[in-house]
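Undergrad: For reference, the structure I am asking about is given below.
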Amino acid sequence: MTSTFNVQAAAGYEQLMGRWSKRLAPLFVDFARLRDCASVLDVGCGTGSLTFELAKIAGLKEIAAIDYSNVFVEEAIRRNTDPRIKIQQADACALPFDDARFDAALALLVLHFVPDSGKAVAEMRRVVRPGGVVAAVVWDHLGGMPGMRMMVDTAAALSESGRQLRSRYCFQPMMQPGEMKRTFIGQGLADIEQTDLMIRMDYRNFDDYWAPIAAGEGPLGQYMTALDAAERTRMDAAVRDAYEAGRPDGPRSFANVAWAVRGIVP
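The opening position of the sequence shown corresponds to residue 1 in the UniProt record's numbering, with each subsequent residue numbered one higher.
This is how it looks when you write it as structure tokens:
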């Protein structure tokens with residue numbers, strides 16, 4: 001497996017997405033309905049948004065968490081104070097666990113960055129016992145993230161490379177209506193449910209929105225760092241204009257929608 005998520009630093013990721021993952025995690029845990037679960041695997045834990053939300057469930061006796069990025073693993077380990085939690089570097093497409101090892105396996109904002117996302121779902125199913133839960137959630141980049149579309153649509157209006165960025169960004173794996181549900185069905189999961197989860201991303205000002213992208217975090221940041229100085233200046237000004245929308249710089253709030261799917265191992 002390779003991950004298509006560009007990681008520069010844990011702090012930059014927190015400003016770009018980690019703070020919003022924390023808002024989404026409790027909604028996702030509620031949707032997953034982990035009744036009668038004693039052991040849970042967090043696949044693609046990042047800096048720990050889902051891992052530490054799971055730790056709020058008193059009945060859980062074991063929480064395993066893996067991520068492909070050593071940057072994320074080291075930061076999650078640094079933050080952890082719960083003896084139930086064990087975090088390690090691993091590949092979502094080759095999980096280092098025995099068959100039927102866990103009561104549930106969850107993936108928060110991960111599968112769209114896994115090129116062979118079907119294999120990752122198959123691995124999640126493999127390590128969960130019969131009757132256990134497999135659940136995942138991904139952003140709806142095309143229709144559910146206006147704040148990020150603001151940037152990619154601006155890029156697309158300015159250059160052919162921006163048009164290519166928008167196409168890649170909006171059509172990542174698992175992001176089209178019903179795509180993740182079909183993958184769960186194809187991997188033999190049963191009693192499959194799908195829903196939408198929504199949070200708001202609230203920014204203090206343009207710099208709060210733009211700083212991690214300008215610094216190179218994530219796929220949008222990776223695009224920015226590949227531009228020359230003149231192109232970066234042009235993008236900075238154009239995205240600022242889109243953010244401000246003719247009003248003074250200041251707080252802005254964007255609704256963001258994610259697809260969530262839950263299935264049972266037969």
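From the three backbone atoms N, C-alpha and C, an ideal C-beta is built for every residue, glycine too.
#1: Pick from Arg163, Arg240, Lys56 and Asp91: whose alpha carbon is nearest that of Val114?
#2: Taking 9 angstroms as the cut-off, decide whether the C-beta atoms of Asp103 and Val133 are in contact.
#3: Should Ile264 and Ala215 be called a contact, given that it needs their Cβ atoms to be closer than 9 angstroms?
#4: From Met151 to Pro266, what distance separates their C-alpha atoms?
#5: Using the rule of at least 16 other Cβ atoms within 10 Å of the residue's Cβ for burial, across every protein chain shown, is Ala64 buried or exposed?
#6: Just checking my contact of Ala25 with Leu41 at CB under 8 angstroms: how many whole Å lie between their CB atoms?
#7: How about Phe97 and Val73: are their beta carbons less than 9 angstroms apart?
#8: Give a yes or no on whether the C-beta atoms belonging to Leu220 and Tyr169 are separated by under 9 angstroms.
#9: Arg262: buried (16+ other C-beta within 10 angstroms of its C-beta) or exposed?
#10: Span of the beta strand (DSSP E) holding Ile192?
TA: According to the structure shown:
#1: By 1-based counting over the sequence shown, the position of residue 114 is 114. The residue with the shortest Cα to Cα distance from Val114 is Asp91.
#2: Mapped onto the sequence shown, residue 103 falls at position 103. Mapped onto the sequence shown, residue 133 falls at position 133. Going by C-beta atoms, Asp103 is nearer than 9 angstroms to Val133.
#3: Here residue 264 refers to the residue found at position 264 of the sequence shown. Here residue 215 refers to the residue found at position 215 of the sequence shown. By the CB criterion at 9 angstroms, Ile264 and Ala215 fall outside the cutoff.
#4: Here the question's residue 151 lines up with position 151 in the sequence shown. Here the question's residue 266 lines up with position 266 in the sequence shown. The C-alpha of Pro266 is placed about 42 angstroms away from the C-alpha of Met151.
#5: For the purposes of this step, residue 64 is taken as the residue at position 64 of the sequence shown. Here Ala64 is buried, its C-beta having at least 16 other C-beta atoms within 10 Å.
#6: Counting from one through the sequence shown, the residue named residue 25 turns up at place 25. Counting from one through the sequence shown, the residue named residue 41 turns up at place 41. About 15 angstroms; that fails the 8 angstroms criterion.
#7: Here residue 97 is taken as the residue at index 97 of the sequence shown, counted from 1. Here residue 73 is taken as the residue at index 73 of the sequence shown, counted from 1. For the pair Phe97 and Val73, the CB atoms are not nearer than the 9 angstroms cut-off.
#8: Taking the first residue of the sequence shown as 1, we reach residue 220 at position 220. Taking the first residue of the sequence shown as 1, we reach residue 169 at position 169. Between Leu220 and Tyr169, the gap from beta carbon to beta carbon is short of 9 angstroms.
#9: Within the sequence shown, numbered from 1, the residue matching residue 262 stands at position 262. In summary, Arg262 is buried, with 16 or more beta-carbon neighbours lying within 10 Å of its beta-carbon over all protein chains present.
#10: Translated into the one-based positions of the sequence shown, residue 192 becomes position 192. Annotation: the continuous beta strand (DSSP E) that includes Ile192 extends over Ala190 to Tyr203.
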